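Chains A and B, in that order, give the protein sequences.
Quick note: the first sequence uses our numbering, first residue 1, plus one each step.
Quick note: the second sequence uses our numbering, first residue 1001, plus one each step.
Positions of the beta carbon are idealized from the N, C-alpha and C atoms, including for glycine.
Note that the structure is predicted; figures quoted are calculated from it, not measured.
Let me begin by presenting the structure, written as structure tokens, before commenting on it.
2 protein chains.
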Amino acid sequence: MQKVNIKEKLSKFNEHWSPKIIGEINDCYVKVVKLQGEFVWHKHDDEDEMFLVIKGTLTIKLRTEDITLEEGEFFIIPKGIEHMPVAENEVHVLLFEPKTTLNTGNVSNERTVEALEKI
Amino acid sequence: MQKVNIKEKLSKFNEHWSPKIIGEINDCYVKVVKLQGEFVWHKHDDEDEMFLVIKGTLTIKLRTEDITLEEGEFFIIPKGIEHMPVAENEVHVLLFEPKTTLNTGNVSNERTVEALEKI
């Protein structure tokens, strides 16, 4: 049982689009990730997913609108909703999602991360 | 589907020890709460519970040690572990926990909040 400092965890890696596990709560993981550029359109059929911006600006593109998040703001993407995260400049994000969630959801490509690292 | 600004939600109320729901993700709620003073010793037999400090300093007393959290730090209290939050000065906290979680866990007293408000 140890406390976690989110920014200290984010200082431990530099790569983009590679979520790291920093906490485990019931059937969910708490993760941090650094994003820059465009991801891929995808959805999670069975899982809601939460993005909380720690530093920077993140746009979550939906088919119907764009959601722009600044530091201290979060958005919960309901299961089944197609979305694509986009970050013009690097953004640091806290994720909260079920352990079963694959980062690219229904899509499998070079961005898919199967085995997440715990840091 | 709307984004949530955590500090804006915290500006909507002043009372202590009264968690408000600000998001719903799978079988969990995201809540904010303002704490000051001592809570009660309690545990949650079936639910892990996460405290993330948004502003201020929070001590989570365990039977074995004290965990002191500053802004940007979180602690996950495993199910079954007795704990008591203590805040010398007002602290603003984000909580993640299953919808079934009662704020006072196995204890029922004047601090117990049965019906949480969504803000």
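- Listed in chain order, the non-local C-beta contacts of residue 38 (chain A) below 6 Å within the same chain comprise 86, local neighbours out to five positions each way being set aside.
- Counting along the chain, residue 1010 (chain B) sits inside the alpha helix (DSSP H) bounded by residues 1006-1010.
- Assigned with DSSP and collapsed to three states, residue 99 (chain A) falls in coil, not helix or strand.
- Look at the beta carbons and you see the stretch 1008-1019 of chain B not touching the stretch 75-83 of chain A: under three pairs across the two are nearer than 8 Å.
- According to the DSSP assignment, residue 36 (chain A) belongs to the beta strand (DSSP E) that extends over 28-38.
- Residue 1033 (chain B) is positioned such that its CB atom lies no closer than 8 Å to that of residue 1022 (chain B).
- Residue 65 (chain A) and residue 54 (chain A) do not touch by the CB rule: their CB atoms are close to 23 Å apart, not below 8 Å.
- Counting only Cβ-Cβ distances below 8 Å, residue 1098 (chain B) has contacts in chain A at 26, in chain order.
- Counting along the chain, residue 1057 (chain B) sits inside no beta strand (DSSP E), nor does DSSP assign it H or E at all.
- The residue from B:1112, B:1119, B:1116 with its alpha-carbon nearest to that of residue 1042 (chain B) is B:1112.
- Between the alpha carbons of residue 1040 (chain B) and residue 115 (chain A) lies a distance of about 40 Å.
- When only Cα atoms are considered, residue 1029 (chain B) and residue 1044 (chain B) end up about 15 Å apart.
- As DSSP reads the structure, residue 87 (chain A) sits in a beta bridge with A:37.
- For residue 26 (chain A) and residue 88 (chain A), the gap between their C-alpha atoms comes out near 34 Å.
- Short of 7 Å from the beta carbon of residue 1061 (chain B), and not among the five residues preceding or following it, lie these beta carbons of its own chain, in chain order: 1083, 1084, 1086.
- Residues of the stretch 46-60 of chain A with a C-beta atom less than 7 Å from some C-beta of chain B are 47, 48, 50, listed in chain order.
- Here the alpha carbons of residue 1049 (chain B) and residue 2 (chain A) stand approximately 14 Å from one another.
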